[in-house]
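Our numbering applies: residue 105 is where the sequence shown begins, and numbers increase by one.
Every residue gets a Cβ at the ideal spot worked out from N, C-alpha and C, and that includes glycine.
In this text, all values refer to a predicted model and were calculated from it rather than measured experimentally.
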Amino acid sequence: GGWISPSQQLYKFLFSRLDPIPPGKTLAIWLAGSQPVPFELLGPDPERIFLRSNPIVYLTDLAATPTAGQKPARRAAVLITHPGEALTGVARETREIARILQLPEQSVLDPSAAEAPAILSDSRIVHIAAHSVIDQRNPLRSYIALRDGHLEAWQLLGGGQNADLIVLSACSTRRGAERVLSDDSTSISSLVELGGARTVLSSLGPADDGRSADLMIDFYDLLNGRPALALFQARQRSLARHLNPVQVANFVLSARDVESLGVSFPSAQNK
């Protein structure tokens, strides 16, 4: 008896006939169509949800093959940031990530809109922390705000082909126009994925820049293994700070294919 939430209902429909999933096992999920709810929030009850027990990765292309003639990225990592007037946490976020990754000062950039696409295409890790806007009329014109203009979604189709990881630390980067049925297929992150990035960390909805900064700093601090595990462990730190699970599950990790799950990033201590 009792009321069952939609997430509990979906969990029961998808997982009730399967053997219990061991805690700590990474779940690789492939979705045909839009994402109705973060699978991280599914579970038999509010206290037993995947967010607390299992890393999750969303696969975007089960049959992906390496791009012909792909060249290795020259940069280990680059941080693209434009704080704007309201994003007070962005400067702290990029400063701390640069420290963790032991990046030189020139790796933290506030580029022009014209410079940004080339920067994206020549780095193994690309972290973007800025304001984003979803264009409801034309999702390809959704953009990330830079110092002199916009990095539009369509421009990301040609960037990131050499990136193992692109992080879109901004609002709703995994959501497209609301009037489009499969809205996440028109998102900024989906275009980054089509551009060739192996793994992408992006947001399902609005993101508080202070809390996002905490999560991102923890993510890179723990990135001495697989990205999925680092995100899972960073989320546990956020839950320990008594954040709402819905907020903690806002940023999700997608991978181009199963092979991409094997990408490993060395810790700063091992460089």
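query                                                                                                       : result
Endpoints, the alpha helix (DSSP H) within which V352 is located                                            : 349 to 352
Span separating the alpha-carbon of P215 from that of K129                                                  : 39 Å
Three or more C-beta pairs below 8 Å linking the region 314 to 333 and the region 107 to 125                : no
Distance cut-off 7 Å: I125 Cβ against heavy atoms of the ligand SAH                                         : This structure lacks the ligand SAH; in fact it carries no ligand of any kind.
The region 207 to 226 / the region 151 to 165 touching (three or more Cβ pairs under 8 Å)                   : no
Inter-residue spacing [alpha-carbon to alpha-carbon] between P126 and F154                                  : 10 Å
G264 to I248 span [Cα, whole Å]                                                                             : 15 Å
Rounded C-alpha distance that separates E256 from I184                                                      : 14 Å
Helix, strand or coil at E256 according to DSSP, with G and I counted as helix                              : strand
Nearest-angstrom beta carbon gap, A220 and L250 [assumed within contact, 8 Å]                               : 6 Å
Bounding residues of the alpha helix (DSSP H) (the contiguous stretch that carries I292)                    : 292 to 298
Bridge partner(s) assigned by DSSP for D322                                                                 : For D322, which the question treats as bridged, DSSP gives no partner whatsoever.
Outcome for Q240 when other beta-carbon atoms lying within 10 angstroms are tallied against a minimum of 16 : exposed
Start-to-end residues for the beta strand (DSSP E) that takes in V182                                       : 179 to 185
Option in S225, V141, L327 with minimal Cα separation from V296                                             : S225
Delimiting residues of the alpha helix (DSSP H) encompassing I223                                           : 220 to 224
Option nearest P331 by Cα separation, candidates C275, I270, T290, V350                                     : I270
Contact under 8 Å by Cβ, A274 with A311                                                                     : yes
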